[in-house]
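There are 2 protein chains.
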Amino acid sequence: MDKTAPRRRTRIQTEKREVILEAALEVFSAQGFRGATIDQIAEAAGMSKPNLLYYFKRKEDIHRTLIERLLETWLAPLRELDDVGDPMTELRSYIRRKLEMARDFPRESRLFANEILQGAPRIMPLLEGELKTLVDEKAQVIRGWMRAGKIARTDPYHLIFAIWATTQHYADFDVQVRAVLGPDRGGDGRFEDAARFLEQLFLEGLRPKPVS
Amino acid sequence: MDKTAPRRRTRIQTEKREVILEAALEVFSAQGFRGATIDQIAEAAGMSKPNLLYYFKRKEDIHRTLIERLLETWLAPLRELDDVGDPMTELRSYIRRKLEMARDFPRESRLFANEILQGAPRIMPLLEGELKTLVDEKAQVIRGWMRAGKIARTDPYHLIFAIWATTQHYADFDVQVRAVLGPDRGGDGRFEDAARFLEQLFLEGLRPKPVS
DNA sequence: CTAACGTTTGTCCATTCGGTCAAAAATTTG
DNA sequence: CAAATTTTTGACCGAATGGACAAACGTTAG
Numbered sequence: 013m014d015k016t017a018p019r020r021r022t023r024i025q026t027e028k029r030e031v032i033l034e035a036a037l038e039v040f041s042a043q044g045f046r047g048a049t050i051d052q053i054a055e056a057a058g059m060s061k062p063n064l065l066y067y068f069k070r071k072e073d074i075h076r077t078l079i080e081r082l083l084e085t086w087l088a089p090l091r092e093l094d095d096v097g098d099p100m101t102e103l104r105s106y107i108r109r110k111l112e113m114a115r116d117f118p119r120e121s122r123l124f125a126n127e128i129l130q131g132a133p134r135i136m137p138l139l140e141g142e143l144k145t146l147v148d149e150k151a152q153v154i155r156g157w158m159r160a161g162k163i164a165r166t167d168p169y170h171l172i173f174a175i176w177a178t179t180q181h182y183a184d185f186d187v188q189v190r191a192v193l194g195p196d197r198g199g200d201g202r203f204e205d206a207a208r209f210l211e212q213l214f215l216e217g218l219r220p221k222p223v224s
Numbered sequence: 013m014d015k016t017a018p019r020r021r022t023r024i025q026t027e028k029r030e031v032i033l034e035a036a037l038e039v040f041s042a043q044g045f046r047g048a049t050i051d052q053i054a055e056a057a058g059m060s061k062p063n064l065l066y067y068f069k070r071k072e073d074i075h076r077t078l079i080e081r082l083l084e085t086w087l088a089p090l091r092e093l094d095d096v097g098d099p100m101t102e103l104r105s106y107i108r109r110k111l112e113m114a115r116d117f118p119r120e121s122r123l124f125a126n127e128i129l130q131g132a133p134r135i136m137p138l139l140e141g142e143l144k145t146l147v148d149e150k151a152q153v154i155r156g157w158m159r160a161g162k163i164a165r166t167d168p169y170h171l172i173f174a175i176w177a178t179t180q181h182y183a184d185f186d187v188q189v190r191a192v193l194g195p196d197r198g199g200d201g202r203f204e205d206a207a208r209f210l211e212q213l214f215l216e217g218l219r220p221k222p223v224s
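As C-alpha cells, this is what we get:
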C-alpha cells in the first residue's frame, strides 16, 4: 500500500477545482492575496468554506496554482515573436496580442501585477529562471534585427519592458484610464484607440535610420 | 466652549505624525492596505500600537493622509508641462521627471499602484475630479502642438498614459525588471538605460511628419 | 509646587480569518 | 441492493487584527 501514490482525480474534483480557480481569480485579482479571504472565494464559488478546503488544502495552494497557469498564458505572445518574419510586422503583432490580452484577461493581468508589486514572494524563481531565459532569447532576436538594419538600434530589454508596461496599463490601471477618459471616450472604443496609438508610437519610434 | 474648534497641533504631534507617515509609507507600499497591519507600522515607527492610534484614530486615516499628500507630488511634473516651451523639449523633460520620480520615490509609486489596482476605492473622486481636469487641460496643450505641426498627430490621452505606464513600470515592477536584467545589467545603471531608451522611443515616435 | 494638559502603555475586547474535524449526505462500485 | 468511497457541512479552534480605555507618566504654565 503506497500511501504516497497520487490518487486519480475524480470528475467532480476536476470540475469543482475549476470552479474554485475561476472564483479565486475574481477575488484575488480584485483584492490581492492578503486582501482576499477564503470565505469570499467560497461564496463566489457557491460552496461552503470547508468544502472549498477539501479541494485545496490551503489558501496559498489556490494562489500558486492560479499563478503557475497564468504564467504560461502570459508568456505565450512573447514566445511567438519569431525570428523569421518581418521585424516590423512581428512587433506590431506582439503589441496587438498583448493589448488583446489586457482587454480579454484583465483579471489575470491584475493578479500578476499584484504579485509583482508585493515583491513577487511566490514567483521569484520563475522570474529569474523561465522568464529571464525567454526574454534573453528574444532580446537576441531583436538585436539581430537591429544589426540587420531592420529596426532602429536601441536597448531590446527596455523595448520589451515598454511594450509590457503600455499594454498591461490598460488592464492594471483600468479604473484610472476610465476616470480620465470619462464616460464617453472611456467606453469600448478605448482599446482600439490605444492600439492605434501604440502602433504609431512603437513603429515610428523604431523606424530604422539610414546609415549616415 | 466650542468643542468642535480644531485644537492647535503640538510640536510633538507634528513630529510623531511625520514619523508615522514615513513608517506607514514603507509598510503600505510593500504590503498594500489590507496586507499592512497597525502593529507593523507601529514597530516601524518605533512606538506602541496604542500610541500610534493616539495620533491617527484609524488605520484608514493614515492611508488617506498618505495618498492625499502623494497626489500633489505625483501630479507636479504634469502641471509643469508648459504651453510656451518647445514641445519636444517639454515632453523630454516630462518623461525625465517622471522617470526620476520612479527612481527616487518608488514607494509612493507602489502605494498609488496598489490603490488603483484595488479599484481606487479611496480616491475615485480625486481621479474623476482633479486628475481628469488636469489631464484634459494638458491634452489640449498637446493637441495644440499637433495642430501647429510641432509633433506628430496622435491621441494625446493615450500618449500621457504611455508615459505614465513606461516610467512608473520601473518603480512598480522593479523586482521583475531586476530579475530579467540580472545582477549585472540590473544595477544602478538601469535608469540611465531606461531614460535613453524612452527618450528615443517617444521623441522618434512623435517626430512630426511633413505634410504630404 | 500644583493643576492642567499632553503623551504613553498594559490590558482587554470583538471580530475576522485560516484551518480542523467528525459526522452526515451523496455517489460510485461490486 | 449494500459496501466502499467521495463529497458536503455545521460546529469549532487558535491566532491575528483593529481598536477601546483607563491608568500612569511627562511636561508646562501659572
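If you read the sequences in order, they're chains A and B. For what it's worth, the working numbering labels the leading residue of the first sequence as 13, then goes sequentially. For what it's worth, the working numbering labels the leading residue of the second sequence as 13, then goes sequentially. Even glycine gets a Cβ: it sits at the ideal position worked out from N, Cα and C. A quick note: this is a predicted structure, and the numbers were derived from the prediction, not measured.
Going by beta carbon distance, what residues of the same chain come within less than 7 Å of Val39/B, once the five residues before and after it are set aside? Contacts found: Ala48, Gln52, Ile53, Ala56.
If you pair each beta-carbon of the segment 119-128 of chain B with each one of the segment 94-109 of chain B, do three or more pairs fall below 8 Å? These segments do not touch.
Within 10 angstroms of the Cβ of Asn126/A, are there 16 or more other Cβ atoms? Answer buried if so, exposed if not. That one is buried.
Would you check if the distance between the CB atom of Lys144/A and the CB atom of Val192/B is smaller than 7 Å? It is a contact, given that the beta carbons lie within the stated cut-off.
First and last residue of the alpha helix (DSSP H) that includes Phe185/B? Going by DSSP, Phe185/B is part of no alpha helix (DSSP H) at all; its letter is neither H nor E.
From what residue to what residue does the alpha helix (DSSP H) around Ala132/A run? That residue, Ala132/A, is in no alpha helix (DSSP H); it is neither H nor E in DSSP.
Check the Cβ-Cβ distances between Thr26/A and every residue of chain B, and say whether any is below 7 Å. Not one chain B Cβ lies under 7 Å of Thr26/A.
Helix, strand or coil, according to DSSP, for Gly198/B in the structure here? Gly198/B: coil per DSSP, three-state reduction.
If we cut at 7 Å on Cβ distances, does Ile53/B have a partner in chain A? The C-beta of Ile53/B comes no closer than 7 Å to any C-beta of chain A.
Pick from Ile79/B, Pro89/B, Ile32/B that is closest to Phe68/B, judged by C-alpha positions: Shortest Cα-Cα distance from Phe68/B to any of Ile79/B, Pro89/B, Ile32/B involves Ile32/B.
Residue from Glu27/A, Ala114/A, Glu34/A whose Cα sits closest to the Cα of Arg202/A: Checking every option, the nearest Cα to that of Arg202/A belongs to Ala114/A.
Quick one: grab the DSSP three-state call for Pro220/A. In the three-state scheme derived from DSSP, where H, G and I count as helix and E and B as strand, Pro220/A is classed as coil.
Three-way DSSP call (helix, strand, coil) for Phe117/A in this model: Phe117/A: coil per DSSP, three-state reduction.
Helix, strand or coil for Ile53/B, going by three-state DSSP, please let me know. Ile53/B falls in the helix class under three-state DSSP.
Under 8 Å Cβ to Cβ from Leu78/B, same chain only, skipping five residues before and after it: list those, please. When the five nearest sequence neighbours on each side are left out, the beta carbons in the same chain lying within less than 8 Å of the beta carbon of Leu78/B are those of Leu33, Ala36, Leu37, Phe40, Leu123, in order along the chain.
So is Pro168/B buried or exposed if we call it buried at 16+ other beta carbons inside 10 Å? Residue environment analysis places Pro168/B among the buried positions, since at least 16 neighbouring C-beta atoms fall within 10 angstroms of its C-beta.
For Arg208/B, which residues in the same chain have their Cβ closer than 8 Å to its Cβ, ignoring the five residues on either side in sequence? Residues of the same chain with a CB within less than 8 Å of the CB of Arg208/B, apart from the 5 flanking positions on each side, do not exist.
For a contact meaning CB atoms closer than 9 Å, what does Gly194/B contact in chain A? Residues of chain A with a Cβ closer than 9 Å to the Cβ of Gly194/B are, in chain order, Glu140, Lys144, Asp148.
If you count every other CB in all the chains shown that lies within 10 Å of the CB of Asp186/B, and 16 or more means buried, which is it? Burial check for Asp186/B: the Cβ neighbour count within 10 Å reaches 16 or more, so the residue is buried.
Between Thr178/B and Ala164/A, is the Cβ-Cβ spacing less than 7 Å? Contact: no.
Of all the alpha helix (DSSP H) runs that stay within the bounds of the segment 143-191 of chain B, which reach a length of 4 or more residues? If you keep only unbroken alpha helix (DSSP H) runs of at least 4 residues inside the segment 143-191 of chain B, you get 144-159, 168-184.
Taking C-beta pairs closer than 8 Å, name the residues in chain A that Arg219/B reaches, listed in chain order. The answer, in chain order, is Glu216.
Hey, is Glu80/B close to the ligand FAD, as in C-beta under 6 Å from one of its heavy atoms? Absence of the ligand FAD from the depicted structure is noted, as is the absence of any ligand whatsoever, leaving it without description.
Provide the residue span of the alpha helix (DSSP H) that contains Glu84/B, from first to last. Start and end: 71-92.
Would you call the CB atoms of Pro99/B and Gly161/B closer than 7 Å? Their beta carbons are not under 7 Å apart, which means Pro99/B does not touch Gly161/B by this criterion.
Name the residue from Gln180/A, Met136/A, Glu211/A, Leu171/A whose alpha carbon lies nearest to the alpha carbon of Arg76/A. Cα-wise, what sits closest to Arg76/A is Met136/A.
With 9 Å as the C-beta to C-beta threshold (strictly closer), list the residues of the segment 166-187 of chain B near chain A in chain order. Answer set for the segment 166-187 of chain B: Thr166, Asp167, Tyr169, His170, Leu171, Ile172, Phe173, Ala174, Trp176, Ala177, Thr178, Thr179, Gln180, His181, Tyr182, Asp184, Phe185, Asp186, Val187.
Anything in chain B within Cβ reach of Gln43/A, meaning under 8 Å, just list it in chain order. The contacting residues are Arg46, Gln130.
Which residue wins for smallest C-alpha separation from Arg155/B, given the options Leu171/B, Val189/B, Thr85/B, Leu64/B? Of Leu171/B, Val189/B, Thr85/B, Leu64/B, the residue nearest in Cα terms is Leu171/B.
Where Gln212/B meets chain A, residues with beta-carbon distance less than 8 Å: Simply Ala164, Thr166, Gly217.
Using the C-alpha atoms, what's the distance from Tyr106/A back to Leu90/A? One C-alpha to the other measures close to 7 Å.
Would you please verify whether the beta carbon of Ala207/A is less than 7 Å from any beta carbon of chain B? False, the Cβ-Cβ gap to chain B never drops below 7 Å.
Neighbour flag for Arg122/A against chain B, beta carbons, 7 Å: Among the residues facing chain B, Arg122/A is included, as its CB has a counterpart in that chain under 7 Å away.
Taking C-beta to C-beta, are Arg134/A and Arg46/B nearer than 7 Å? The Cβ atoms of Arg134/A and Arg46/B lie no closer than 7 Å to each other.
Please report the residue range of the alpha helix (DSSP H) in which Thr22/B lies. From DSSP, Thr22/B is part of no alpha helix (DSSP H); its letter is neither H nor E.
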